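Asks: My structure is below; once you've seen it, I'll send some questions.
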Amino acid sequence: MTNMLEVKNLSVAFPSRDGPVRVVRDVSFSLGRERLGIVGESGSGKSQTGRAILGLTPSNGTVTADHLAFDGIDLRGASSSTWRQLRGRRMSMVMQDPKFSLNPVMTIGRQIVEAYRRLGRKSKSEMREKALEVLSSVQIRDPERVFDAYPHELSGGMGQRAMIAMMLVGEPDLLIADEPTSALDVTVQLDVLRILDDLVRDRGMGLIFISHDLRLVSSFCDRVLVMYAGRVVEEIAARDLHNAQHPYTCGLLHCLPKIDGGVRPLPTLERDPAWLA
Amino acid sequence: MTASNTKGLISVRDLGVTFGHGTNEVKAVRGVSFDVAQGESFGIVGESGSGKSTVLRAICGLAPTSAGTITFQGEALKAPRQPAFYRDVQMVFQDPYASLHPRHTIDKVLSEPLAIHGLDDPEGRVERALEDVGLGQGFRFRFPHQLSGGQRQRVAIARALILEPQVLLLDEPTSALDASIQAEVLNLLDALRHKRGLTYVLVSHDLAVVAHMCERLVVMQHGREVEELTRSALQHHEATQEYTRNLLVASEGFKAKGTST
Ligand SMILES: Nc1ncnc2c1ncn2[C@@H]1O[C@H](COP(=O)(O)OP(=O)(O)OP(=O)(O)O)[C@@H](O)[C@H]1O
Ligand SMILES: Nc1ncnc2c1ncn2[C@@H]1O[C@H](COP(=O)(O)OP(=O)(O)OP(=O)(O)O)[C@@H](O)[C@H]1O
Ligand SMILES: [Mg+2]
Ligand SMILES: [Mg+2]
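First to last, the protein sequences are chains D and S.
First residue of the first sequence? That's 1 in UniProt numbering, and the numbers climb one at a time after it.
First residue of the second sequence? That's 1 in UniProt numbering, and the numbers climb one at a time after it.
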């Protein structure tokens with residue numbers, strides 16, 4: 001069986017005054033119908049990796065790869081009609097910032113209905129019904145109000161869930177979720193993870209879960225890629241995260257604050273230039 | 001530490017905030033009270049949509065107060081706030097994307113408040129502010145869209161610190177940051193508080209962050225306060241309310257199907 005997603009030596013570069021800077025460097029991995037976590041420090045290239053897979057690299061960036069295929073379809077230089085068939089239908093991405101990706105001048109309900117409309121003809125009332133359903137599925141208590149609300153009228157966590165709801169509309173085979181729960185309180189966070197978990201188990205969706213929350217990733221994902229300065233420095237089964245080898249991964253585990261009291265100041269990471277080699 | 005009967009630096013009494021009218025009415029905050037003493041760090045945790053950000057925005061004068069009073073340094077605050085208020089009280093917003101002007105360089109974002117309030121040595125202050133949050137000078141002339149999520153959040157913190165306020169209202173200041181940067185920012189906030197005697201009101205959905213940063217905290221749900229706890233009560237899992245206990249259990253991480261929340 002071939003993997004749903006194959007990535008070999010993916011790089012993303014941006015121009016700078018001192019020439020191109022590679023923010024993603026030779027990243028390789030494959031994904032089946034599983035939950036793959038990507039962790040790593042801020043700026044390490046997690047989001048740019050996700051965006052490159054979906055062809056959403058900012059226009060000043062350059063993407064190169066030896067191999068980049070989704071379900072056997074070569075994504076390098078894919079035509080816009082190929083992307084239209086894939087994006088929002090077979091592969092979707094929940095962007096890191098909901099307010100950034102939700103249209104500020106359109107109500108949440110209209111945006112979700114739009115997403116349904118793009119997928120095919122349904123009656124207006126049917127689409128509204130569906131939209132309310134998907135909003136409640138992400139644990140929004142008052143879907144009717146949220147349906148009629150503009151993004152700025154929602155709390156951070158509600159916006160994030162509206163965003164997830166919209167991505168679930170297409171029932172994608174591959175979902176890239178970029179920090180999808182960072183604005184959620186822990187109980188809602190678990191509800192959202194359970195929804196994603198069900199999609200992986202019951203529908204066989206492949207999930208790339210980008211997060212900086214190691215605790216969460218190790219309890220939720222099957223496998224974890226650890227990124228540092230654009231590279232994958234370690235790939236590890238989530239349950240073995242506490243036995244991580246790379247000093248960066250170990251360091252990350254030590255800097256978390258603890259509820260029952262820990263050290264003050266918190267341990268921080270001593271970054272070793274050798275990690276860049 | 002209990003400061004409940006001493007008058008706080010910030011005192012919130014029976015605060016109510018309502019948005020919209022008629023059928024669109026949202027009672028975002030319904031009767032919240034707390035006091036924060038000078039130099040104290042006070043936490044707000046709770047459910048998504050429970051009104052945490054709205055409480056901070058109300059203190060800042062950015063949300064309509066429909067009931068109750070907010071007192072700062074013993075005086076009831078009036079709307080709109082005087083410019084001098086913002087020299088003393090600064091807020092770091094939950095959403096670093098929306099709060100940074102997309103067409104302003106980081107340098108502009110940081111120097112603007114200095115110009116508005118007429119502070120000396122803008123060059124030096126901008127440089128120090130960037131160093132303080134762990135961003136090098138290389139970031140100075142970039143635009144927000146050229147930064148990662150965590151880098152933007154650090155710019156937002158630098159902007160709040162640059163006026164050297166007494167009070168920082170921090171809305172999820174580290175939820176966009178990875179553990180190593182989070183540790184650095186939390187240590188920075190901790191050190192600044194002790195060095196400059198700052199007062200914090202910190203909203204976070206991460207109980208561990210609040211336990212680390214705050215001496216006392218209030219737990220919110222549906223716009224109301226569920227209970228007020230000291231750090232030590234939180235650390236010893238001495239919550240009296242069901243909702244707080246659920247939060248503590250959920251903080252242990254994801255458990256696959258079959259396990260209860
Ligand atoms: N349009 C752009 N132009 C130039 N550099 C960019 C651009 N977009 C992103 N970068 C840089 O690329 C690097 C990787 O960014 P990316 O957003 O992938 O980080 P990340 O790992 O997702 O971090 P975070 O956890 O903070 O979201 C960062 O150093 C960022 O500053
Ligand atoms: N400008 C507004 N107009 C209408 N309703 C609003 C507005 N701002 C906030 N609300 C509503 O007020 C309630 C409380 O929002 P608030 O942002 O304070 O929640 P929160 O506790 O900070 O949640 P989160 O943890 O998700 O950020 C929500 O139901 C939200 O939809
Ligand atoms: Mg990112
Ligand atoms: Mg909020």
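Just so it is clear, CB atoms sit at the ideal spot from N, CA and C, and this is done for glycine as well.
Just so we're clear, the structure is a prediction, and the values are computed from it rather than from any experiment.
Return the chain-ordered ranges of every beta strand (DSSP E) run that is complete within the stretch 38-96 of chain S and spans a minimum of 3 residues.
Replies: For the stretch 38-96 of chain S, whole beta strand (DSSP E) runs of length 3 or above, ordered along the chain, are 41-46, 67-72, 89-92.
Asks: Contact defined as beta carbons within less than 8 Å: I believe ALA205 of chain D pairs with LEU175 of chain D. What is the distance between those atoms, to the nearest angstrom?
Replies: Per the sequence shown, residue 205 of chain D should be read as Met rather than Ala. That belief holds up - the Cβ atoms of MET205 of chain D and LEU175 of chain D are roughly 6 Å apart, short of 8 Å.
Asks: Check the Cβ-Cβ distances between PHE143 of chain S and every residue of chain C, and say whether any is below 8 Å.
Replies: Here chain C cannot be found, since the structure's protein chains are D and S.
Asks: Under 7 Å between beta-carbons, which chain D residues line up against VAL209 of chain S? List them in chain order, please.
Replies: The answer, in chain order, is PRO257.
Asks: May I ask you to report which of helix, strand or coil DSSP gives ARG121 of chain D?
Replies: Correct three-state label for ARG121 of chain D: coil.
Asks: If you measure from the CB of ASP171 of chain S, is any heavy atom of ligand 4 nearer than 7 Å?
Replies: Result yes, Cβ under 7 Å from ligand 4.
Asks: Please identify, using Cβ separations under 9 Å, the residues of the stretch 168-199 of chain D that lie next to chain S, in order along the chain.
Replies: Listed by position along the chain: ASP178, GLU179, SER182, ALA183, LEU184, ASP185, VAL186, THR187, VAL188, GLN189, LEU190, ASP191, LEU193, ARG194, ASP197, ASP198.
Asks: List the residues of chain D whose Cβ lies closer than 7 Å to the Cβ of SER175 of chain S, in chain order.
Replies: What SER175 of chain S touches in chain D: SER182, ALA183.
Asks: Is there at least one non-hydrogen atom of ligand 3 closer than 7 Å to the beta-carbon of SER47 of chain D?
Replies: Checking the Cβ of SER47 of chain D against ligand 3 gives yes.
Asks: Considering only residues of the same chain and omitting the five flanking positions on each side of ASP178 of chain S, which have a CB-CB separation below 7 Å?
Replies: Around ASP178 of chain S: GLY150.
Asks: Would you say the beta carbon of ASN9 of chain D comes nearer than 7 Å to a heavy atom of ligand 1?
Replies: Every heavy atom of ligand 1 is 7 Å or more from the Cβ of ASN9 of chain D, so no.
Asks: With which residues is HIS101 of chain S paired in a DSSP beta bridge?
Replies: DSSP lists no partner for HIS101 of chain S.
Asks: So, helix, strand or coil for LEU184 of chain S, using DSSP?
Replies: At residue 184 of chain S the sequence reads Glu, which differs from the Leu that was named. GLU184 of chain S: helix per DSSP, three-state reduction.
Asks: I'd like the list of long-range same chain contacts for THR174 of chain S, defined as Cβ closer than 7 Å, with 5 residues on each side in sequence excluded.
Replies: Excluding sequence neighbours, THR174 of chain S sits near GLN182, VAL185, LEU186, VAL209.
Asks: So what's LYS8 of chain D in DSSP terms, helix, strand or just coil?
Replies: Strand, per DSSP.
Asks: If you count every other CB in all the chains shown that lies within 10 Å of the CB of HIS237 of chain S, and 16 or more means buried, which is it?
Replies: When all chains shown are included, HIS237 of chain S counts as exposed.
Asks: Looking only at its own chain, which residues have a Cβ that is under 8 Å from the Cβ of ALA115 of chain S, when we skip the five neighbours before and after it?
Replies: Hits under 8 Å: PRO122.
Asks: Using a Cβ-Cβ cutoff of less than 7 Å, which residues in the same chain neighbour ALA3 of chain S once the five nearest sequence positions on both sides are dropped?
Replies: Legend: pLDDT at ALA3 of chain S = 40, less than 50; position of this residue unreliable, no value from coordinates given.
Asks: What would DSSP say about GLY40 of chain D, mapped onto helix, strand or coil?
Replies: Note: GLY40 of chain D maps to strand in three-state DSSP.
Asks: Mind checking whether the beta-carbon of GLN94 of chain S lies closer than 7 Å to any heavy atom of ligand 5?
Replies: For ligand 5, the structure offers nothing, since it holds only ligand 1, ligand 2, ligand 3 and ligand 4.
Asks: Less than 6 Å between C-beta atoms, sequence neighbours within five positions excluded: which residues of the same chain meet that for GLU34 of chain D?
Replies: Within the same chain, GLU34 of chain D has close Cβ partners ASP222.
Asks: Using three-state DSSP, classify ARG189 of chain D as helix, strand or coil.
Replies: Looking at the sequence itself, residue 189 of chain D is Gln, so the reference to Arg does not match. Correct three-state label for GLN189 of chain D: helix.
Asks: Please return the same chain residues whose Cβ sits closer than 7 Å to the Cβ of GLN73 of chain S, not counting the five positions on each side in sequence.
Replies: LEU9.
Asks: Using a beta-carbon distance cut-off of less than 7 Å, what residues from the stretch 199-231 of chain D approach chain S?
Replies: So the close ones are HIS212, LEU214, ARG215, LEU216, SER219, PHE220.
Asks: Are the beta-carbon atoms of VAL224 of chain D and TYR248 of chain D separated by less than 8 Å?
Replies: In this structure, TYR248 of chain D does not lie closer than 8 Å to VAL224 of chain D by Cβ.
Asks: Just by C-beta distance, which residues in the stretch 31-42 of chain D are closer than 9 Å to chain S?
Replies: The stretch 31-42 of chain D vs chain S, Cβ under 9 Å: VAL39, GLY40, GLU41, SER42.
Asks: So is ALA3 of chain S in contact with chain D if we call contact Cβ pairs under 8 Å?
Replies: Below a pLDDT of 50, predicted positions are generally treated as unreliable, and ALA3 of chain S, at 40, falls in that range; no measurement from the model is reported.
Asks: Compute the minimum distance between the beta carbon of GLY156 of chain D and the heavy atoms of ligand 2, and state whether it is under 7 Å.
Replies: At least one heavy atom of ligand 2 is nearer than 7 Å to the Cβ of GLY156 of chain D, so yes.
Asks: Thinking C-alpha only, which one of S:THR69, S:ALA158, S:ILE70, S:LEU147 is nearest GLU112 of chain S?
Replies: Cα-wise, what sits closest to GLU112 of chain S is S:ALA158.
Asks: Can you look up MET1 of chain S in the DSSP assignment and give me helix, strand or coil?
Replies: At MET1 of chain S the pLDDT is 41, less than 50, meaning the model places this residue with poor confidence and gives no usable figure here.
Asks: Based on DSSP bridge pairs, tell me the residues matched to PHE34 of chain S.
Replies: According to DSSP, PHE34 of chain S bridges with S:VAL12.
Asks: Can you give the Cα-Cα distance for SER218 of chain D and GLN82 of chain S, rounded to whole angstroms?
Replies: C-alpha separation (whole angstroms): 48 Å.
Asks: Per DSSP, what are the beta-bridge partners of TYR116 of chain D in this structure?
Replies: Answer is none; TYR116 of chain D lacks a bridge partner.
Asks: 8 Å is my cut-off, CB to CB: does LEU157 of chain S come that close to chain D?
Replies: According to the sequence provided, residue 157 of chain S is Ile. The question's Leu does not apply to it. Taking Cβ atoms only, chain D never reaches closer than 8 Å to ILE157 of chain S, which makes this a no.
Asks: GLU179 of chain D and ILE210 of chain D - do their beta-carbons sit closer together than 8 Å?
Replies: Going by C-beta atoms, ILE210 of chain D is nearer than 8 Å to GLU179 of chain D.
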